[in-house]
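So the numbering used here is basically just the index in the sequence shown, starting at one, shifted up by 226. Glycine included, every Cβ here is placed at the ideal spot set by N, Cα and C. These notes are about the structure you will find just below.
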Amino acid sequence: MKIKIPENANMIINTLISKGYKAYAVGGCVRDSVMGTQPHDWDICTSARPDEILTALGKNNVIESGLKHGTVTVHSGNELYEITTFRADGDYTDNRHPETVKFIRSLREDLARRDFTVNAMAYNDAQGLCDYFGGTDDIRNRIIRCVGDPDKRFNEDALRILRALRFASRLGFEIEQNTAASIRKNAGLLRNISVERIASELAGILDGEYCESILMEYPDVLCVFLPEIKPMIGLEQKNPHHIYDVWTHTVKVISNSPHGRLMRITALLHDIAKPQCASVDENGTGHFHGHPAVGAEMAGRILKRLHFDNDTISKVKLLIKYHDLRPQPEPKYVRRLISKTGTELFVPLMELKRADALGQNPDTIQYKLEYTDSLERIFRELTADGSEFNIKTLAIDGNDLISLGISPGPEIGRILKAMLELVIEGELENDRDELIKEVKKQIGSV
Ligand code: ATP
Ligand code: MG
C-alpha cells in the first residue's frame with residue numbers, strides 16, 4: 227500500500243535514511259492513512275539517537291524538547307514534526323511511567339511497546355507498510371486490540387485504558403474481547419493516574435462520534451474517577467417525559483450535544499443530582515425537584531477535583547443550573563433569562579436544551595425543539611443590535627448616581643441593579659435621560 231506522506235515529513239525521513247538510519251512515519255498518521263482519513267499530524271520514528279538526529283538534520287531546525295525521552299521536535303516548512311528514537315520501555319512501577327527508557331535500533335521492538343495494534347504500524351516509501359501485529363486487519367475489522375498481553379500493558383500504563391475507550395469512541399471500533407475484559411478488570415488502576423491526564427482523555431471519549439456505545443458499555447470505568455454516576459445507571463424516571471433511565475438519557479444527551487469539551491462535559495453532568503433529588507408522588511410519577519441547582523454545585527466540585535479551569539467550571543455550573551428553566555417564549559421572559567445567562571452562554575444553553583430534548587420521550591421531542599427554537603429566535607431579535615444586558619452596558623454608571631447625591635457605597639450597586647432589571651424587563655429603554663429620570667423618581671428627588 228502507498229501512503230502519501232507530506233513533502234516536509236518525507237524530506238526528514240529521507241535525510242535520515244540517506245545518513246544510514248532507519249526512519250518511518252509512525253502511529254496515528256499511519257493508522258489514519260490506512261483508514262483513508264486525513265492525519266492531523268505526522269510523527270516520525272528513527273533508529274538515530276537524539277544527538278544523531280541533531281547532526282543529521284542540522285541543529286538550526288531542531289527544538290530540543292523531551293530529549294531524554296528520545297523525542298526531538300523539528301521545524302520543516304511551517305510544520306513541526308516530532309521525531310522519536312526507537313525505544314524499549316524499562317520496568318513500570320507506578321502504572322504510568324517506565325523507570326528507564328532504552329534507545330534501540332529495532333523498529334519491531336519500538337512498535338511492540340506501542341499501545342494498540344492500529345497504532346503500532348510504520349511506513350516509509352522504500353519499505354512500504356510495516357505491520358507486525360495485525361494493525362491492518364484490525365482496522366479492516368474495526369477492532370481496538372492491545373499489542374501483547376492486555377493485563378500486562380494496562381498494568382504498565384493504566385492511561386491506556388482510557389486511550390482504548392477514546393479511540394473506540396472516535397473511530398467507532400469495537401474493543402476486542404480480551405482487551406475489553408482486561409479493561410474492566412484493571413479499571414481500578416486509573417486511581418494511580420493524574421487527574422489532568424484523566425480529564426483530557428475523558429474529554430476525548432465524550433467528544434467521539436461513537437461515544438454512545440462506549441459510554442453505555444463501559445460506565446464502570448468512568449465510575450472509578452466519577453463515582454457520582456454510579457446511581458444514575460438503571461435509575462428509572464417514571465415520568466411521561468422520559469423513556470430511558472437517567473444514565474441512558476445522559477448518554478443520549480452527550481451524543482446529541484455539539485462537539486467540544488464544554489458542551490460534552492456539561493451534558494455528562496447535567497443530571498448528576500437526579501439520584502439524590504429523586505422522589506415519586508402519590509400517582510407513582512417520578513420527580514427530581516431541585517436537581518439543576520444541586521447538580522450545578524455537584525458539577526463544580528467534580529470538575530474542581532479533576533482540575534478543570536475556573537472559567538469552564540463556572541460556565542458548566544451556570545448551564546446546569548438553568549438547563550431546566552422553561553420561560554414563556556415572550557421577550558419579557560427571554561430578557562430575564564438573558565440576565566441570568568449573559569449573552570455568551572444563552573445559545574449554548576439552548577443547545578443543551580435541544581440535546582436534552584433529544585434524549586427524552588420521542589413523542590415530546592418535536593414540541594420541545596420548536597419551543598427552544600422560539601426562545602433562541604427571540605434572543606436573536608433582542609440582541610441583534612449588540613445590546614448586552616449587564617450593568618457595564620447600562621447607559622448610566624455609579625458616577626451618575628453620585629452626581630445625583632447618592633453616597634458611594636452598596637446603595638449605588640443596588641440602584642444600578644434595579645435599573646438593569648427594568649431595562650431587561652423592557653419597562654425602560656437603556657437611555658441615559660430615561661434612566662436618570664427613573665432614579666430621581668425612586669430616590670424621591672422629583
Ligand atoms: P491522535 O490522532 O489522537 O494523535 P495518536 O495515535 O497519534 O492519535 P498520540 O497520543 O499522538 O496518539 O501518540 C502517538 C503514538 O504513540 C500512538 O499512535 C502510539 O503508537 C504511541 N503511544 C502514545 N501513547 C502511548 C501509551 N500510553 N502507551 C503506548 N503507546 C503509546
Ligand atoms: Mg498523534
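Three or more pairs of CB atoms, one per stretch, sit closer than 8 Å, so the stretch 294 to 302 contacts the stretch 311 to 328. With contacts defined as CB atoms closer than 8 Å, Ser291 and Ile238 fail to qualify as a contacting pair. For Gly430, the shortest separation between its Cβ and any heavy atom of the ligand MG does not lie below 7 Å.
The C-beta distance from Arg417 to Val447 rounds to 12 Å, too long to fall under 8 Å, and the pair is not in contact.
Sequence-distant partners of Lys248 (beyond 5 residues in either direction) whose C-beta falls short of 7 Å from its own C-beta, in its chain, are Thr272, Ser273, Leu333. Within the model, the alpha-carbon separation for Leu654 versus Glu660 is close to 7 Å.
Every unbroken stretch of the alpha helix (DSSP H) spanning 4 or more residues and falling wholly within the stretch 448 to 486 is given here in chain order: 472 to 482. With a threshold of 7 Å, the Cβ atom of Arg487 does not count as near the ligand ATP, since no heavy atom of the ligand is closer than that.
Annotated three-state conformation of Leu415 is helix, per DSSP.
Scanning Tyr250, Leu578, Pro557 for the CA closest to the CA of Gly354 turns up Tyr250. Ranked by how close their Cα comes to the Cα of Ser426, the residues Asp535, Ile440, Lys328 have Asp535 in first place.
Straight-line spacing of the CA atoms in Met442 and Thr474 works out to 7 Å. For Val252, the uninterrupted beta strand (DSSP E) segment begins and ends at 249 to 252. Within the stretch 621 to 666, the alpha helix (DSSP H) runs of at least 4 residues that lie entirely inside it are, in chain order, 624 to 629, 636 to 650. Here Ala407 is exposed, its C-beta having fewer than 16 other C-beta atoms within 10 Å. The beta carbon of Asp383 sits closer than 7 Å to at least one heavy atom of the ligand ATP. For Leu584 against Lys478, the beta-carbon gap comes to about 7 Å, under 8 Å, which counts as contact. Between the stretch 531 to 551 and the stretch 605 to 625, the count of C-beta pairs closer than 8 Å stays below three; the two stretches do not touch. Here the alpha carbon of Tyr349 sits roughly 51 Å from the alpha carbon of Pro518. For Gly361, the shortest C-beta to heavy atom distance toward the ligand MG is 7 Å or greater. Boundaries of the alpha helix (DSSP H) around Arg423: 421 to 433. Ile546: member of the alpha helix (DSSP H) spanning 536 to 548, first to last residue.
The C-beta of His485 has fewer than 16 other C-beta atoms within 10 Å across all chains shown, which makes the residue exposed.
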